[in-house]
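Taken in order, the sequence shown gives residues 19 to 357; the numbers are from the working numbering.
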Amino acid sequence: MARLTVLEPEAMYPDTRLEQEVLGPDVEIIHGGAPHTESLDMLPDAVCARVDGLLIFRHWLKPHHIARFPRLKVVVRMGVGYDRLDRAACAARGITVCNVPDYGTMEVADHAIALTLALRRGLLLHHDLQRAEPPAAWRYLDSPLIRRLGAQVFGVVGLGRIGTAAALRAKALGFQVRFFDPFLPNGVDRALGIERARTLDDLLRGADVLSIHVPDTPTTRGMIGAAQLALLPKDAVVVNTARGTSLDIDALEAALKSGHLAGAGLDVIPVEPPVEPVPSLLAAYRRREPWLQGRLIVTPHSAFHTPEAWADIRRKSAETMRDNLVLGIPSNVIAPESY
Numbered sequence: 019m020a021r022l023t024v025l026e027p028e029a030m031y032p033d034t035r036l037e038q039e040v041l042g043p044d045v046e047i048i049h050g051g052a053p054h055t056e057s058l059d060m061l062p063d064a065v066c067a068r069v070d071g072l073l074i075f076r077h078w079l080k081p082h083h084i085a086r087f088p089r090l091k092v093v094v095r096m097g098v099g100y101d102r103l104d105r106a107a108c109a110a111r112g113i114t115v116c117n118v119p120d121y122g123t124m125e126v127a128d129h130a131i132a133l134t135l136a137l138r139r140g141l142l143l144h145h146d147l148q149r150a151e152p153p154a155a156w157r158y159l160d161s162p163l164i165r166r167l168g169a170q171v172f173g174v175v176g177l178g179r180i181g182t183a184a185a186l187r188a189k190a191l192g193f194q195v196r197f198f199d200p201f202l203p204n205g206v207d208r209a210l211g212i213e214r215a216r217t218l219d220d221l222l223r224g225a226d227v228l229s230i231h232v233p234d235t236p237t238t239r240g241m242i243g244a245a246q247l248a249l250l251p252k253d254a255v256v257v258n259t260a261r262g263t264s265l266d267i268d269a270l271e272a273a274l275k276s277g278h279l280a281g282a283g284l285d286v287i288p289v290e291p292p293v294e295p296v297p298s299l300l301a302a303y304r305r306r307e308p309w310l311q312g313r314l315i316v317t318p319h320s321a322f323h324t325p326e327a328w329a330d331i332r333r334k335s336a337e338t339m340r341d342n343l344v345l346g347i348p349s350n351v352i353a354p355e356s357y
């Protein structure tokens with residue numbers, strides 16, 4: 019049997035010792051070859067011809083890329099989301115597509131709660147005012163952002179691993195927690211001690227905080243637009259740590275500007291990294307326009323980031339590749355019906 023070869027094209031780590039330990043001595047690992055800011059088009063044909071397994075982090079994998087790998091059998095997306103991979107093209111070639119669904123769960127859930135607390139306790143608002151020139155008076159500011167946690171409903175859209183972790187954290191803080199996820203069986207709400215909304219509209223009508231935890235799919239793209247934001251209670255807060263495509267950022271800007279929403283926390287935006295012209299809301303945020311003071315927090319898709327999470331993604335990606343490519347054991351395989 020020919021020796022198997024796995025390619026990690028982005029050279030994300032200084033060596034492949036951990037991957038070699040997991041995959042074993044009979045698997046050759048090719049490290050680097052295309053800077054992470056470039057694409058798979060930069061790889062030499064001779065390298066592509068040898069590859070059986072592909073580890074992907076930032077790169078897009080499109081049909082013309084797939085055609086460059088005649089031996090490719092398994093693709094592992096080194097992360098939760100897999101919207102950068104053309105799964106249909108992989109399926110047509112019989113290529114197994116996997117992700118790593120259990121990395122960064124705690125970090126992203128923590129980040130969603132951190133954004134919520136920073137907004138709902140007025141941390142950024144008072145921070146900005148106290149460092150202004152001249153600083154504001156040494157006193158609290160009445161603001162629609164600031165409310166007791168236990169008086170609010172924390173609404174979760176998408177109760178997967180991260181959504182569940184966020185819901186449990188919100189529950190521990192005293193929020194009343196509700197969720198909407200049509201793909202989960204009955205009884206999940208009872209097991210977690212939270213309330214289930216039967217429709218998205220039902221969830222939105224009562225959510226003082228809306229926390230979005232859905233993947234990028236044809237169904238979720240644009241699922242929270244102007245009509246949905248209008249259903250939220252006056253002075254609600256929206257937090258998105260999932261995918262920027264699920265939330266209409268222009269509708270969010272309009273809802274903030276009108277005063278219907280009190281604030282928003284975004285770790286993701288529709289196009290990343292942002293390109294000119296950037297969304298109007300992001301432009302206003304960068305200009306520090308007064309109407310957004312303390313009301314909008316933007317982080318650069320960094321919710322997952324900790325040294326521990328990076329170690330997890332590296333090991334778990336290699337384990338997923340080993341199971342599928344070397345051992346022939348299905349692990350973290352993305353079901354064809356999700357294509």
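No residue lacks a Cβ here, since even glycine has one placed at the ideal position from N, Cα and C.
Residue i, DSSP secondary structure in three states
i, result
"S161", "coil"
"A363", "Within the shown structure, residues of the chain are numbered from 19 to 357, placing residue 363 beyond reach of any answer."
"G168", "helix"
"L143", "helix"
"N258", "strand"
"E39", "helix"
"H54", "For H54, the predicted structure reports a pLDDT of 48, less than 50, and the residue's modelled location is therefore unreliable. The matter cannot be settled from this model."
"T217", "coil"
"E290", "coil"
"T235", "coil"
"I212", "coil"
"S349", "coil"
"Q7", "The chain is shown only over 19 to 357; residue 7 falls outside these bounds and no answer can be derived."
"Q311", "coil"
"T317", "coil"
"E28", "coil"
"G224", "helix"
"R187", "helix"
"L61", "coil"
"Y357", "Bear in mind that a pLDDT of 38 at Y357, under 50, signals an unreliable position, so the number given afterwards is only what the model happens to contain. Y357 falls in the coil class under three-state DSSP."
"G6", "Examination of residue 6 is not possible in this model, given that the chain is present from 19 through 357 alone."
"A85", "coil"
"L181", "Note that residue 181 is Gly in the sequence shown, not Leu. Helix, per DSSP."
"A336", "helix"
"T324", "coil"
"R138", "helix"
"V92", "strand"
Residues of its chain near residue i, where Cβ-Cβ distance is below 6 angstroms and the 5 sequence neighbours each way are ignored
i, result
"T263", "D234, R239 and P288"
"C66", "R86 and F87"
"N258", "I230, L265, L284 and V286"
"F198", "V175, A215, L218 and L221"
"V255", "L137, V227, A280 and G281"
Same chain, Cβ closer than 7 angstroms to residue i, neighbours up to 5 away in sequence not counted
i, result
"I352", "Y100, R105, V115, C116 and N117"
"G243", "D266 and A269"
"G358", "This structure leaves residue 358 out entirely; the chain is present only between 19 and 357."
"Y357", "Because the pLDDT at Y357 is just 38, under 50, the model does not fix this residue reliably, and the point stays unresolved."
"N350", "C116, N117, V118, P119 and T338"
"A132", "none"
"T55", "Confidence at T55 is low in this model, with a pLDDT of 45, below 50, so the placement of that residue should be treated as unreliable; the coordinate-derived value is given next. Contacts found: none."
Contacts around residue i, its chain only, beta-carbon distance under 8 angstroms, and the 5 residues preceding and following it disregarded
i, result
"F193", "L167, G168, Q170, V171, F172 and V227"
"D70", "L22, T23, V24, R89, L90, K91, V92 and L343"
"R333", "L36 and V40"
"R251", "It is Pro, not Arg, that sits at residue 251 in the sequence shown. So the qualifying residues of the chain are R223, G224, A225 and D226."
"L249", "D219, L222 and R223"
Status (buried if at least 16 other CB within 10 Å, exposed otherwise) for residue i
i, result
"I347", "exposed"
"Y121", "buried"
"M96", "buried"
"L270", "buried"
"R340", "buried"
"R261", "buried"
"R149", "exposed"
"S276", "exposed"
"R196", "buried"
"S335", "buried"
"R306", "exposed"
"D160", "exposed"
"N204", "exposed"
"A245", "exposed"
"Y303", "buried"
"F322", "buried"
"A282", "buried"
"T237", "exposed"
"L345", "exposed"
"R111", "exposed"
"P27", "buried"
"A280", "buried"
"H82", "exposed"
"R157", "exposed"
Next item on the list: May I ask you to verify whether the stretch 284 to 298 touches the stretch 87 to 96, counting CB pairs closer than 8 angstroms and requiring at least 3?
Entry: Too few Cβ pairs lie closer than 8 angstroms, so no.
Note to self: With a threshold of 8 angstroms, are at least 3 pairs of Cβ atoms found where one atom belongs to the stretch 303 to 318 and the other to the stretch 129 to 141?
What the structure shows: Touching, per the Cβ criterion.
Check: Pairing CB atoms from the stretch 215 to 224 with CB atoms from the stretch 297 to 304, are three or more of them under 8 angstroms?
Finding: Because the criterion of three Cβ pairs below 8 angstroms is not met, the stretch 215 to 224 and the stretch 297 to 304 do not touch.
Next item on the list: Taking only runs that begin and end inside the stretch 95 to 133, name each unbroken alpha helix (DSSP H) of 4 or more residues, in chain order.
Entry: The stretch 95 to 133 contains these whole alpha helix (DSSP H) runs: 105 to 111.
Note to self: Under 8 angstroms: do the stretch 178 to 189 and the stretch 124 to 134 share three or more Cβ pairs, one atom per stretch?
What the structure shows: Cβ pair count under 8 angstroms is three or more, so yes.
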